[in-house]
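Chemist: Following this message is one structure expressed as structure tokens.
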Amino acid sequence: NFDPVIIEHVKRITNAETHVHYLGHDIQNEFIILMSNNIRNKIIDYIKKAKYYTIIMDCTPDISHNEQLSIMVRVVNMYDNDQSKCPNIDEYFLDFISVSSTTGLNLSNILLENLNKFGINIMDCRGQAYDNGSNMVGKYQGVQSRILNKNPRAFFTACASHNLNLVLRDSVKNSVQASTFFGTIQRVYSIFAASTSRWDILNKHCEFLTLRKWYETRWESRVNSVKALRYQLPNIIEALEEVSREANDTITKSEAQSLANELSTFEFVLSLVIWYNILIEVNVVSKSLQGKNIDIDISIKMLESLLIFLRTFRQTGFENSIITAKEICEDNCI
Numbered sequence: 001n002f003d004p005v006i007i008e009h010v011k012r013i014t015n016a017e018t019h020v021h022y023l024g025h026d027i028q029n030e031f032i033i034l035m036s037n038n039i040r041n042k043i044i045d046y047i048k049k050a051k052y053y054t055i056i057m058d059c060t061p062d063i064s065h066n067e068q069l070s071i072m073v074r075v076v077n078m079y080d081n082d083q084s085k086c087p088n089i090d091e092y093f094l095d096f097i098s099v100s101s102t103t104g105l106n107l108s109n110i111l112l113e114n115l116n117k118f119g120i121n122i123m124d125c126r127g128q129a130y131d132n133g134s135n136m137v138g139k140y141q142g143v144q145s146r147i148l149n150k151n152p153r154a155f156f157t158a159c160a161s162h163n164l165n166l167v168l169r170d171s172v173k174n175s176v177q178a179s180t181f182f183g184t185i186q187r188v189y190s191i192f193a194a195s196t197s198r199w200d201i202l203n204k205h206c207e208f209l210t211l212r213k214w215y216e217t218r219w220e221s222r223v224n225s226v227k228a229l230r231y232q233l234p235n236i237i238e239a240l241e242e243v244s245r246e247a248n249d250t251i252t253k254s255e256a257q258s259l260a261n262e263l264s265t266f267e268f269v270l271s272l273v274i275w276y277n278i279l280i281e282v283n284v285v286s287k288s289l290q291g292k293n294i295d296i297d298i299s300i301k302m303l304e305s306l307l308i309f310l311r312t313f314r315q316t317g318f319e320n321s322i323i324t325a326k327e328i329c330e331d332n333c334i
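This is how it looks when you write it as structure tokens:
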């Protein structure tokens with residue numbers, strides 16, 4: 001309906017004006033491969049023209065639980081030294097590769113094989129960017145060390161946003177209170193998400209903010225669920241109590257009432273205030289660090305500012321949080 005060329009082609013097929021229609025799945029797959037190869041060849045030409053590049057790699061499991069390795073390249077586009085244009089940093093996707101082993105040796109071999117296949121010289125690599133997995137950044141067996149052995153100028157740069165997430169994760173793991181707090185929030189989300197009828201109850205009580213699923217490697221995403229509880233605590237408690245009343249099985253009744261009681265304690269409210277104040281600051285920095293135009297000097301200043309906030313919060317934040325938590329409890333008869 002949106003492509004006049006395709007409309008005309010289908011019309012000719014319908015009217016038996018042509019018997020060569022190219023609509024079979026085999027020929028369609030051939031078209032896709034030809035187009036993808038043509039696009040990749042253009043990208044490789046850009047990379048070779050820029051000469052120096054940075055490798056970006058990451059592994060993630062797909063829906064069929066196969067590990068997929070993505071390979072990208074980052075280059076500086078000088079626009080043929082056109083003085084009227086500012087140099088720009090471009091990132092190009094090269095390939096998805098299904099891998100059976102994610103060891104540093106296997107991933108580095110796959111990377112080198114594909115760079116060689118594309119005709120990209122590893123000696124022109126000036127940077128490596130991966131996550132902080134030991135298979136990627138290991139000092140002796142990681143991908144970065146193996147590439148560095150072949151090209152001493154291919155320096156590794158850690159992902160600042162990922163490092164920030166790891167700091168938060170490790171901080172929580174070292175605190176029983178923090179682990180219990182986030183475990184409780186996860187249980188609250190799970191009990192509502194397990195049933196559409198329970199989710200409807202949650203939406204009925206919480207019209208403005210809702211609980212969000214979070215991911216282990218994206219700690220800043222937890223601010224959304226913490227925010228929903230921070231500003232709608234009595235609503236969520238009422239929703240849990242309704243689930244407890246309406247549930248048919250005793251396990252759900254017990255779990256919902258147990259969570260409602262836990263959310264009604266001063267300790268939980270205090271943790272809620274503290275972690276919301278921390279995560280809202282971390283989230284601002286984390287989102288900025290993920291921006292494609294972020295500069296290293298701005299990143300350093302933002303991280304230093306966050307560090308100052310945390311040091312100040314350690315000195316005065318707890319007392320202020322107690323005051324805020326008491327006000328919340330008094331307003332909601334907790």
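To convert, note that position 264 of the sequence shown is 264 in UniProt numbering; the numbers rise steadily by one, no gaps. C-beta atoms are modelled at their ideal positions from N, C-alpha and C, and glycine is treated no differently.
Under three-state DSSP, which class holds G142?
Modeler: coil
Chemist: Is DSSP giving S70 helix, strand or coil here?
Modeler: strand
Chemist: Under 6 Å Cβ to Cβ from E207, same chain only, skipping five residues before and after it: list those, please.
Modeler: Answer for E207: no residue qualifies.
Chemist: Quick one: complete alpha helix (DSSP H) runs, 4+ long, within the UniProt domain "DUF4371" (14 to 142)?
Modeler: 25 to 50, 104 to 118, 134 to 137
Chemist: Consult DSSP for residue 335 and reduce its assignment to one of helix, strand or coil.
Modeler: Past the boundaries of the shown model lies residue 335; the chain is included only from 1 to 334, so the question cannot be answered.
Chemist: Sort I6, E267, L69, H162 by Cα distance to N132 and report the nearest one.
Modeler: H162
Chemist: State yes or no: is the C-beta of C159 within less than 8 Å of the C-beta of I55?
Modeler: no
Chemist: In whole angstroms, what is the alpha-carbon distance linking residue 399 and A129?
Modeler: Outside the modelled stretch of the chain, which goes from 1 to 334, sits residue 399, for which no answer is possible.
Chemist: Could you have a look at F266 and say whether DSSP puts it in helix, strand or coil?
Modeler: DSSP places F266 in helix when its eight states are reduced to three.
Chemist: Using C-beta distances below 7 Å, list every residue in its chain close to L229, excluding the 5 sequence neighbours before and after it, in chain order.
Modeler: I185, I236, L272, listed in sequence order.
Chemist: Count the other C-beta atoms from every protein chain shown that fall within 10 angstroms of the C-beta of L111, then say buried if there are 16 or more, exposed otherwise.
Modeler: buried
Chemist: Starting from F2, trace the alpha helix (DSSP H) both ways and give me its first and last residue.
Modeler: Here F2 belongs to no alpha helix (DSSP H), and DSSP marks it neither H nor E.
Chemist: Pick out whichever of G104, F118, E262, C59 has its Cα sitting closest to the Cα of S70.
Modeler: C59
Chemist: So L209 packs on L233, CB below 8 Å; how close in whole Å?
Modeler: Not really, about 11 Å apart at Cβ, beyond 8 Å.
Chemist: Terminal residues of the continuous alpha helix (DSSP H) containing G183?
Modeler: 176 to 193
Chemist: What are the start and end residues of the alpha helix (DSSP H) that includes Q232?
Modeler: 223 to 246
Chemist: Measure the C-alpha to C-alpha separation of V76 and Y53 and round it to an integer number of angstroms.
Modeler: 8 Å
Chemist: Nearest to V20 by alpha carbon, out of H9, N29, K253?
Modeler: For the set H9, N29, K253, the Cα lying nearest the Cα of V20 is the one of H9.
Chemist: Can you tell me whether S225 is buried or exposed? The criterion is at least 16 other CB atoms within 10 Å of its CB, across all chains shown.
Modeler: S225 comes out buried.
Chemist: Output the boundary residues of the alpha helix (DSSP H) element that contains I323.
Modeler: For I323, the enclosing alpha helix (DSSP H) begins and ends at 318 to 331.
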